[in-house]
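Peer 1:
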Amino acid sequence: MKIRQHPRMHEIRIDDEVYSYPQQLFAKVTELFPAAVCVRIGILSINGHMELIQSPQLWRAEDIENLSVCRYCGCRNDLQMESGTGVPFRICARCRAALYNRRSHLQKQK
25 MKIRQHPRMH EIRIDDEVYS YPQQLFAKVT ELFPAAVCVR IGILSINGHM
75 ELIQSPQLWR AEDIENLSVC RYCGCRNDLQ MESGTGVPFR ICARCRAALY
125 NRRSHLQKQK
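Quick note, the sequence shown lines up with residues 25 to 134 if you use our numbering.
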């Protein structure tokens with residue numbers, strides 16, 4: 025039986041930031057699997073005193089989006105944060121310019 029890699033896993037690398045839609049959290053990838061990533065999440069533990077513990081979690085490929093690439097084309101170059109989403113999605117200069125031009129064109133048509 026051959027293990028197949030999930031399509032979303034092709035571009036993900038260790039140290040990429042990913043966003044989990046079900047948990048509404050983002051974290052850095054520490055390990056890769058064919059259909060999941062392992063991330064470490066800081067959890068506050070209170071055992072007599074407060075302590076921040078790094079807890080590993082396995083996130084399914086279906087539930088995540090890679091934040092270390094352009095949200096539209098998938099490139100890794102010249103990325104900036106996309107504003108107004110509440111999630112640190114990134115967009116490259118080429119897609120940002122295309123999106124701006126399209127919005128300007130639609131505004132002129134109104």
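Quick reminder that beta carbons are idealized off the backbone N, C-alpha and C, glycines included.
As the structure is a prediction and not an experimental result, all values here were calculated from the model.
For the beta strand (DSSP E) that contains E55, what are its first and last residues?
Peer 2: The residue given as residue 55 occupies position 31 in the sequence shown. Residues 49–57.
Peer 1: Considering only C-alpha positions, which residue in the set A60, G110, P80 is nearest to I36?
Peer 2: Taking the sequence shown and counting its residues from 1, one reaches residue 36 at position 12. Considering only alpha carbons, the answer is A60.
Peer 1: Rank K52, K26, S107, Y43 by C-alpha distance to the C-alpha of R64 and give the top, closest one.
Peer 2: Translated into the one-based positions of the sequence shown, residue 64 becomes position 40. Answer by Cα proximity: K52.
Peer 1: When the distance is taken between beta carbons, is I38 closer than 7 Å to P58?
Peer 2: Locating residue 58 in the sequence shown gives position 34, where the first residue counts as 1. Locating residue 38 in the sequence shown gives position 14, where the first residue counts as 1. Their beta carbons are not under 7 Å apart, which means P58 does not touch I38 by this criterion.
Peer 1: By alpha-carbon positions, which one of R114, E75, G66 ends up nearest to Q81?
Peer 2: The residue labelled residue 81 in the question sits at position 57 within the sequence shown. Answer by Cα proximity: G66.
Peer 1: I need the DSSP call for L68, collapsed to helix, strand or coil.
Peer 2: What you label residue 68 is simply residue 44 of the sequence shown in a count that begins at 1. In this structure, L68 counts as strand in the three-state DSSP scheme.
Peer 1: Kindly identify the DSSP beta-bridge partner or partners of E75.
Peer 2: One-based indexing of the sequence shown puts residue 75 at position 51. Per DSSP, S69.
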